[in-house]
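Here is the structure we will look at, set down as structure tokens.
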Amino acid sequence: MIRPLWLMAILAISVGCSDPEPSTPPSAPQPAKLHRVVSGNSDVRSFPGEVVPAEHADLAFRVAGVISELPVRSGQLVTKGTLLVRLDPSDLQLAQSAAKANFELAEVQYKRGEALVKDSLISRQSFDELTTARTQARAQLDAATTNLGYATLTAPYDGRIATINIEASEYVQAHQPVILFQSDNAVDVLFQLPNQLLPSLQSLQSLPTDRLSARFAVRPTTSYSVSFKKISTVANPDTGSFDVWVTLPVPADLRLLPGMAATVDIGPGWQSSLPERQLPASALMQEGNQTFVWRVDSQSGSIARTAVTLDGQRTVVSGLNDGDMIVAVGVHELNEGDRVKPWVKERGL
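In case it helps, the working numbering puts the sequence shown at residues 378 to 726.
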């Protein structure tokens with residue numbers, strides 16, 4: 378059957394002028410309150426520090442005198458009780474002898490007075506004076522004997538002679554530091570913790586030793602396990618930071634001296650108790666024993682339901698990475714693939 382030309386022309390015009398079926402425009406992203414994830418598995422934090430003695434003492438004599446013996450040298454290792462310095466005891470021995478003579482005289486006078494007072498040949502007041510004189514002489518003798526013992530300076534514990542501040546035959550005053558003495562079985566590293574990180578101190582104190590280590594400038598590629606020791610209670614007035622000490626046994630393969638540069642490395646998880654590491658309870662969706670969140674794609678803003686594992690403090694164990702953004706509020710009103718954008722509080726609201 379042959380169709381009229383005019384009918385075919387109308388059909389061609391009708392087909393050519395028909396509009397294509399419109400595509401569905403993507404839904405506009407809806408505002409949502411978002412939360413940035415800090416999982417506790419971030420990179421190691423490093424802090425510059427320096428080696429300091431774990432235990433040290435400025436040794437000094439309690440009496441003045443002239444140095445007669447100085448058998449040790451700087452850097453020498455010694456054991457507890459080793460003779461370090463001795464004063465010339467001549468003057469102290471003379472003082473002890475004089476005090477002993479005075480006491481012996483007071484003792485004789487006391488005993489004579491004791492017999493006389495019984496026969497009422499001297500007054501009770503006179504006998505009391507003899508008693509007082511005897512007591513004073515005894516105290517002076519004890520002091521002179523003690524001072525004679527102070528003429529010898531020995532090592533208070535096993536350690537190392539750090540510095541010697543005097544020379545043989547030199548006169549030294551009482552309480553003048555003569556030797557800086559340090560323990561040799563352990564060493565400390567001092568570093569500064571910024572005040573904004575102070576809330577994490579409790580987790581730092583209980584951090585396993587495999588997450589807390591120190592490196593030293595003399596061997597920067599080797600890490601040594603350290604443990605938390607103490608922190609200052611007053612911030613440094615210049616930096617606003619707090620001094621923190623960590624300690625470690627003296628390495629057998631490395632000699633560490635005070636003042637050496639060090640770096641303290643604090644491993645992942647030491648800040649896991651901070652509030653910002655806790656996921657908001659309103660962000661969690663529970664399905665049986667599994668917990669889910671809406672993770673936001675950083676490029677498109679679309680959301681995807683993501684399974685997560687949390688610890689007892691709602692901090693991330695697995696399922697999310699540091700920097701991920703999740704929906705924090707209204708999670709039950711959303712569906713897979715929805716697009717969101719950060720909600721911004723308007724001025725005045």
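Cβ atoms here follow ideal geometry from the backbone N, Cα and C, with glycine treated the same way.
Next on the checklist: At the level of alpha carbons, what is the spacing between threonine 686 and serine 675?
Outcome noted: On the sequence shown, residue 686 is found 309 positions in, with the first residue counted as 1. On the sequence shown, residue 675 is found 298 positions in, with the first residue counted as 1. Rounded to the nearest angstrom, the gap between the Cα atoms of threonine 686 and serine 675 is 22 Å.
Item to check | Nearest residue (CA-CA) to aspartate 565, options Leu454, Ile608 and Leu711 | outcome: Residue mapping note: residue 565 aligns to position 188 of the sequence shown, counting from 1. Comparing Cα positions, the closest option is Ile608.
Item to check | Candidates Tyr487, Val694 and Leu525, of which the one nearest threonine 512 by Cα | outcome: Numbered from 1 along the sequence shown, position 135 holds the residue referred to as residue 512. Ranking Tyr487, Val694 and Leu525 by CA distance to the CA of threonine 512 puts Tyr487 first.
Item to check | Beta-carbon proximity list for leucine 454, same chain, < 7 Å, skipping 5 on both sides | outcome: Here the question's residue 454 lines up with position 77 in the sequence shown. Apart from sequence neighbours up to five positions away, the residues of its chain that approach leucine 454 with a beta-carbon distance below 7 Å are Arg537 and Asp561, ordered along the chain.
Next on the checklist: Tell me the DSSP secondary structure of glutamine 407 in three-state form.
Outcome noted: Numbered from its first residue, the sequence shown carries residue 407 at position 30. If DSSP states are grouped into helix, strand and coil, glutamine 407 belongs with the strands.
Checklist entry - For the putative contact between arginine 463 and alanine 528, defined by C-beta atoms under 8 Å, what is the C-beta separation to the nearest angstrom? => result As a working mapping, residue 463 is identified with position 86 in the sequence shown. As a working mapping, residue 528 is identified with position 151 in the sequence shown. That belief holds up - the Cβ atoms of arginine 463 and alanine 528 are roughly 6 Å apart, short of 8 Å.
Item to check | Same chain, Cβ closer than 6 Å to glutamine 553, five either side skipped, listed in chain order | outcome: Within the sequence shown, the letter at position 176 stands for residue 553. So the qualifying residues of the chain are Ala437.
Checklist entry - To which residues of the same chain is aspartate 701 closer than 7 Å at the C-beta, ignoring the five residues directly before and after it? => result In the sequence shown, residue 701 corresponds to position 324, counting from 1. Result list for aspartate 701: Val414 and Arg672, in chain order.
Item to check | Residues that DSSP places opposite alanine 434 in a beta bridge | outcome: Along the sequence shown, read from residue 1 onward, the residue named residue 434 stands at position 57. Listed as beta-bridge partners of alanine 434 by DSSP are Phe558.
Checklist entry - Can you name, in chain order, every residue of its own chain whose Cβ lies under 7 Å from the Cβ of alanine 545, other than the five neighbours on each side? => result In the sequence shown, the residue the question calls residue 545 occupies position 168. So the qualifying residues of the chain are Ile444 and Leu447.
Checklist entry - Can you list, in chain order, the stretches of the beta strand (DSSP E) that have 3 or more residues and sit fully within the region 586-611? => result Fully enclosed beta strand (DSSP E) runs of 3 or longer: 589-593, 596-602 and 604-608.
Checklist entry - Between valine 721 and leucine 711, which are expected to be in contact by the criterion C-beta below 8 Å, what is the C-beta distance as a whole number of angstroms? => result By one-based count along the sequence shown, residue 721 stands at place 344. By one-based count along the sequence shown, residue 711 stands at place 334. Taking a contact as a CB-CB distance under 8 Å, the pair valine 721 and leucine 711 does not count as one, their CB atoms being some 18 Å apart.
Checklist entry - Tell me which same chain residues have a C-beta within less than 7 Å of the C-beta of arginine 515, skipping the five on either side of it? => result Your numbering for residue 515 matches position 138 in the sequence shown. Here the set comprises Phe480.
Checklist entry - How big is the Cα-Cα spacing for threonine 523 and alanine 476? => result For the purposes of this step, residue 523 is taken as the residue at position 146 of the sequence shown. For the purposes of this step, residue 476 is taken as the residue at position 99 of the sequence shown. Counting only the Cα atoms, alanine 476 lies some 12 Å from threonine 523.
Checklist entry - What residue does the alpha helix (DSSP H) around glutamine 676 start on, and which one ends it? => result The count along the sequence shown starts at 1 and reaches residue 676 at position 299. For glutamine 676, no alpha helix (DSSP H) run applies, since DSSP gives it neither H nor E.
Next on the checklist: Using the Cβ count rule (16 or more neighbours within 10 Å means buried), how would you classify arginine 501?
Outcome noted: Along the sequence shown, one-based indexing puts residue 501 at 124. Burial call: exposed.
Checklist entry - Does DSSP classify histidine 552 as helix, strand or coil? => result On the sequence shown, position 175 is the one that residue 552 refers to. DSSP, read as helix, strand or coil, puts histidine 552 in coil.
Item to check | Residues near glycine 714 by beta carbon distance below 6 Å, same chain, minus five either side | outcome: Stepping through the sequence shown from its first residue, residue 714 is reached at position 337. Counting only Cβ-Cβ distances below 6 Å, and skipping sequence neighbours, we find Ser679.
Item to check | C-alpha gap between glycine 458 and serine 467, whole angstroms | outcome: Along the sequence shown, one-based indexing puts residue 458 at 81. Along the sequence shown, one-based indexing puts residue 467 at 90. The alpha-carbon atoms of glycine 458 and serine 467 are separated by roughly 23 Å.
Next on the checklist: Considering only the alpha carbon of each residue, which of Glu432, Asp615, Trp622 and Leu661 lies closest to glycine 426?
Outcome noted: As a first step, residue 426 must be located in the sequence shown, where it is residue number 49. Relative to glycine 426, the option among Glu432, Asp615, Trp622 and Leu661 whose CA is nearest is Trp622.
Checklist entry - Which residues in the same chain as proline 694 place their Cβ atom closer than 7 Å to its Cβ, once the five residues preceding and following it in sequence are excluded? => result To locate residue 694, count along the sequence shown from 1; it is residue 317. Per the sequence presented here, residue 694 reads as valine, with proline not at that position. If we look at valine 694 and ignore the five residues flanking it on each side, its Cβ neighbours are Thr686, Leu687 and Asp688.
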